[in-house]
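Q: Below is a structure I'd like to ask you about.
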Amino acid sequence: MQKKTVAFSKDSSNLFFHILTRCNLACSHCYINREQHGENTLDIATIKQWLALFAGRNQTGDSPEKEAGDDYGSGLESGAMNVVFLGGEPTLHKDLALAVKEARRLGFKSITIDTNGYLFHDILDRVTPDEVDFISFSLDGATKKTNDAIRGEGCYHTCLKGIKEAVAKGFDTSMIYTVSQANLGELEMMPELVSKLGIQRFFIQVIGIRGESVEEGDGLQVSRENWLDIVPAVAEEIAASGIIVTYPKVFLDGEEPFQCAGTVADNYFVFPNARVYRCPVCEDYPLHSLEIQENRLVKTGRVNEADLFNLTIPEGCVMNKLVQPGNLAYHDDNTPKHRIACCMLKQEVRQIT
Ligand code: SF4
Ligand code: SF4
139 MQKKTVAFSK
149 DSSNLFFHIL
159 TRCNLACSHC
169 YINREQHGEN
179 TLDIATIKQW
189 LALFAGRNQT
199 GDSPEKEAGD
209 DYGSGLESGA
219 MNVVFLGGEP
229 TLHKDLALAV
239 KEARRLGFKS
249 ITIDTNGYLF
259 HDILDRVTPD
269 EVDFISFSLD
279 GATKKTNDAI
289 RGEGCYHTCL
299 KGIKEAVAKG
309 FDTSMIYTVS
319 QANLGELEMM
329 PELVSKLGIQ
339 RFFIQVIGIR
349 GESVEEGDGL
359 QVSRENWLDI
369 VPAVAEEIAA
379 SGIIVTYPKV
389 FLDGEEPFQC
399 AGTVADNYFV
409 FPNARVYRCP
419 VCEDYPLHSL
429 EIQENRLVKT
439 GRVNEADLFN
449 LTIPEGCVMN
459 KLVQPGNLAY
469 HDDNTPKHRI
479 ACCMLKQEVR
489 QIT
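When you read off a place in the sequence shown, starting at 1, and then add 138, the result is the number in the numbering used here.
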């Protein structure tokens with residue numbers, strides 16, 4: 139078994155492209171905040187323009203001192219950029235297939251569709267396994283009872299049916315399981331379930347206290363003890379069946395260095411109201427450091443997320459402390475018992491063949 143921390147890299151960029159915020163479901167922990175990101179659905183012409191915009195970017199030489207309104211970056215090799223189509227539910231967009239084909243034409247390194255499994259507009263018949271690298275399905279429980287309590291009645295069966303259809307048509311598929319107190323107990327049942335599905339990758343996410351989760355707040359967050367007791371062991375068990383497993387580091391070990399992806403990685407979370415975030419934990423606030431204006435990517439005025447990225451605090455991630463402190467713990471003298479890693483720092487476990 140090989141286990142490694144996936145280092146942040148400037149050589150690889152990720153575009154998380156929310157082409158709409160509309161969804162057929164109303165998951166209790168939905169992270170989409172429509173107050174912040176609107177209800178707009180991008181038309182295909184705009185989607186193509188924005189894909190081309192990111193396909194042509196190169197942020198590495200960009201100066202952080204640029205003022206609001208300045209153009210941002212120039213000329214990234216699109217071959218180094220991955221795109222993930224998101225919503226809401228992206229398959230509700232009638233032109234998702236055209237968006238995928240355009241991303242392929244522009245030479246994106248990989249193309250993924252994240253779906254709740256409902257697969258609207260016959261998407262599996264309108265794109266091919268050569269055009270899409272991964273179709274990623276969200277399931278949040280090993281049983282119908284737990285999954286459907288979070289995601290809604292009927293979602294469990296629909297998701298598993300969608301995976302089976304995608305696998306039968308030759309698509310590479312993955313699954314995303316978002317861990318919270320509501321379903322941590324069923325993670326240990328997932329190795330048996332996923333080993334029969336024919337998926338290639340399994341992503342464990344940790345609940346973010348944003349969007350709909352804010353109401354339940356800290357009660358959903360998982361303690362360090364529970365996380366470390368369960369998640370790494372389940373990851374290894376699933377990896378033993380040949381599936382590559384990725385999960386967020388969340389809690390930094392001992393002297394492990396802290397790094398903020400906002401300063402050392404190229405991630406872009408794009409919303410249909412033209413906001414562009416570098417940090418997903420900031421998405422509940424108008425803290426986006428970039429926006430798209432007249433088909434140009436420009437910096438926003440201060441204060442924004444970029445002002446937080448270089449702050450150093452003993453707890454690690456600043457935004458975690460501000461918006462989801464339920465995973466922190468302190469000694470009697472108020473020093474933190476552990477530090478929180480950047481939410482983008484991942485562990486990957488795979489079988490060595
Ligand atoms: S499927 Fe995704 S976008 Fe839709 S309600 Fe659930 S979490 Fe939100
Ligand atoms: S999650 Fe924290 S460490 Fe990661 S990009 Fe956001 S502010 Fe930076």
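Glycine is no exception: its CB is placed at the ideal position from the N, C-alpha and C atoms.
(1) What would DSSP say about residue 452, mapped onto helix, strand or coil?
(2) Can you find at least 3 beta carbon pairs, one from the segment 153–160 and one from the segment 173–188, that sit closer than 8 Å?
(3) I'd like to know if the segment 268–288 and the segment 309–323 are in contact, where contact means that at least 3 CB-CB pairs between them fall below 8 Å.
(4) Spell out the partners DSSP gives residue 313 in its beta bridges.
(5) Reducing DSSP to helix, strand and coil, say where residue 471 ends up.
(6) Expressed to the nearest angstrom, what Euclidean distance is found between the alpha-carbon atoms of residue 450 and residue 284?
(7) Counting only the same chain and skipping the five closest in sequence on each side, list residues whose C-beta sits under 8 Å from that of residue 390.
(8) Determine the closest residue to residue 140 out of 443, 162, 295 and 384, with distance taken between C-alpha atoms.
(9) For the structure I just gave you, are there three or more beta carbon pairs, one from the segment 397–406 and one from the segment 142–154, closer than 8 Å?
(10) Quick test of your reading: residue 492 and residue 174, contact by CB under 8 Å. State the CB separation rounded to the nearest angstrom.
(11) Which residue comes first and which comes last in the alpha helix (DSSP H) that contains residue 239?
(12) Can you find at least 3 beta carbon pairs, one from the segment 334–348 and one from the segment 293–303, that sit closer than 8 Å?
(13) Measuring alpha carbon to alpha carbon, tell me which of 436, 393, 256 and 339 ends up nearest residue 292.
(14) Tell me the DSSP secondary structure of residue 156 in three-state form.
(15) Listed by chain order, which residues have C-beta atoms less than 5 Å from any heavy atom of ligand 2?
(16) Just verifying my parser: in three-state terms, what is the DSSP assignment at residue 169?
(17) Is residue 312 near ligand 1 - that is, is its Cβ less than 8 Å away from at least one heavy atom of it?
(18) Which residues in the same chain have their Cβ closer than 6 Å to the Cβ of residue 456, if we skip the five residues on either side of it in sequence?
(19) Got a sec? Which residues, its chain only, sit under 8 Å from residue 191 by beta carbon, not counting five neighbours each side?
(20) Can you tell me the Cβ-Cβ gap for residue 358 and residue 319, rounded? I've got them flagged as a contact below 8 Å.
(21) I'd like to confirm something about residue 163: is its beta-carbon nearer than 8 Å to some heavy atom of ligand 1, or not?
(22) Identify the continuous beta strand (DSSP E) that holds residue 219 and give its terminal residues.
(23) Check each candidate in 343, 411 and 220 and name the one with the smallest Cα separation from residue 247.
(24) In three-state DSSP terms, what is residue 333?
(25) Could you have a look at residue 270 and say whether DSSP puts it in helix, strand or coil?
(26) Along the chain, where does the beta strand (DSSP E) that runs through residue 140 open and close?
(27) Only counting runs of 4 or more residues, tell me where the alpha helix (DSSP H) segments fall wholly within the segment 388–427, in order along the chain.
(28) Opposite residue 248 in the DSSP bridges: which residues?
(29) Report whether the distance from the Cβ of residue 361 to the nearest heavy atom of ligand 1 is below 8 Å.
(30) In the DSSP assignment, the alpha helix (DSSP H) including residue 366 goes from what residue to what residue?
(31) Quick one: Cα of residue 261 to Cα of residue 188, how far?
(32) With residue 298 as the anchor, note down where its alpha helix (DSSP H) starts and where it stops.
(33) Take residue 467 and list the residues in its own chain whose beta-carbon comes closer than 6 Å to its own, dropping the five residues that flank it on each side.
(34) Is the beta carbon of residue 259 less than 9 Å from the beta carbon of residue 295?
A: Quick look at the numbers:
(1) coil
(2) yes
(3) yes
(4) 275 and 340
(5) coil
(6) 39 Å
(7) 396, 454, 476, 477, 478 and 479
(8) 384
(9) yes
(10) Nothing about residue 492 can be reported from this structure: the residues present for the chain run from 139 to 491 only.
(11) 234–243
(12) yes
(13) 256
(14) strand
(15) 398, 399, 400, 417, 419, 455, 457, 480 and 481
(16) coil
(17) no
(18) 446 and 449
(19) 430, 433, 434 and 435
(20) 5 Å
(21) yes
(22) 219–224
(23) 220
(24) helix
(25) coil
(26) 140–144
(27) 399–402
(28) 220
(29) no
(30) 362–377
(31) 21 Å
(32) 293–306
(33) 475
(34) no
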